[in-house]
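Participant:
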Amino acid sequence: MIDVRVVPHEDLENQLDDLAALRIAVFRDWPYLYDGDLAYERQYLQMYRNTNRAVVVGAFDGDWMVGAATGAPLGEHADDFAAAFEGTDVDVDATFYCAESVLMPSYRGQGIGHRFFDRREQFAADLGFENICFCAVDRPVTHPSRPATPRDLSSFWAGRGYAQLPGVKAKFAWRDVGDAQQTQKKLQFWMRRLDV
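Residue numbers (the numbering used here): 60 to 255.
1) Express the C-alpha separation of Glu69 and Asp62 in angstroms, rounding to a whole number.
2) For a minimum of 3 consecutive residues, which ranges assigned as the beta strand (DSSP E) are wholly contained in the region 145-192?
3) Comparing C-alpha positions only, which one of Gly95, Phe155, Met106 sits nearest to Asp235?
4) Since I believe Ala118 is in contact with Ile191 (beta carbons under 8 Å), could you give me their beta-carbon distance rounded to a whole number of angstroms?
5) Would a C-beta distance cut-off of 8 Å place Leu162 and Val125 closer than the cut-off?
6) Would the beta-carbon of Gln247 fall within 8 Å of that of Asp197?
7) Give the secondary structure of Tyr221 by DSSP, where H, G and I count as helix, E and B as strand, and everything else as coil.
8) According to DSSP, is Asn240 helix, strand or coil?
9) Using 8 Å as the threshold, is the C-beta distance between Val114 and Arg179 below it?
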């Protein structure tokens with residue numbers, strides 16, 4: 060049985076390199092195609108160590124972290140994500156952002172994704188947030204690296220009560236696998252109310 064639990068704040072420092080390695084490995088595949096590096100990952104992940112309003116949920120097979128999901132208040136995460144809500148009626152300060160959700164392929168299909176969302180939604184509700192959101196990269200169907208039958212998580216997300224926010228897309232740059240330079244990507248936001 061895989062143990063899915065919130066990583067205590069005092070243990071985060073010991074888990075950040077494992078989380079960085081997971082992000083690099085999982086996001087290297089479709090649809091992110093992220094060519095990550097450990098130095099950037101360490102810097103990015105410090106945010107979770109520096110506030111007690113952020114959460115890291117780990118999936119452990121024994122002592123090995125095989126998956127993780129993170130979240131933080133939307134207004135305290137990267138500015139590019141909160142900026143996507145400009146001109147909407149969404150209260151950024153009342154919205155919790157589910158950031159990465161990464162799981163090694165051999166552990167998928169066992170309900171761990173639901174447990175990741177359960178823990179983050181409970182954490183956000185306990186902090187008094189009204190809304191919870193996440194975003195997913197929006198790649199064109201004509202992308203040359205698109206697999207013949209890509210995994211579509213839309214029904215999973217909708218089944219948990221999330222809906223796409225039309226026109227609410229973050230813009231974020233990273234280097235794709237095989238590319239020399241970073242390019243900007245669009246990430247589609249999904250959201251639900253926490254009291255529903």
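Idealized CB from N, CA, C, for every residue including glycine.
Facilitator: Checking against the coordinates, here is how it stands:
1) 19 Å
2) 154-162
3) Gly95
4) At roughly 20 Å, the Cβ-Cβ gap does not stay under 8 Å, so Ile191 and Ala118 are not in contact.
5) yes
6) yes
7) coil
8) Reading off the sequence shown, one finds Gln at residue 240, where the question assumed Asn. Looking at Gln240 - three-state DSSP - the assignment turns out to be coil, as it is neither helix nor strand.
9) yes
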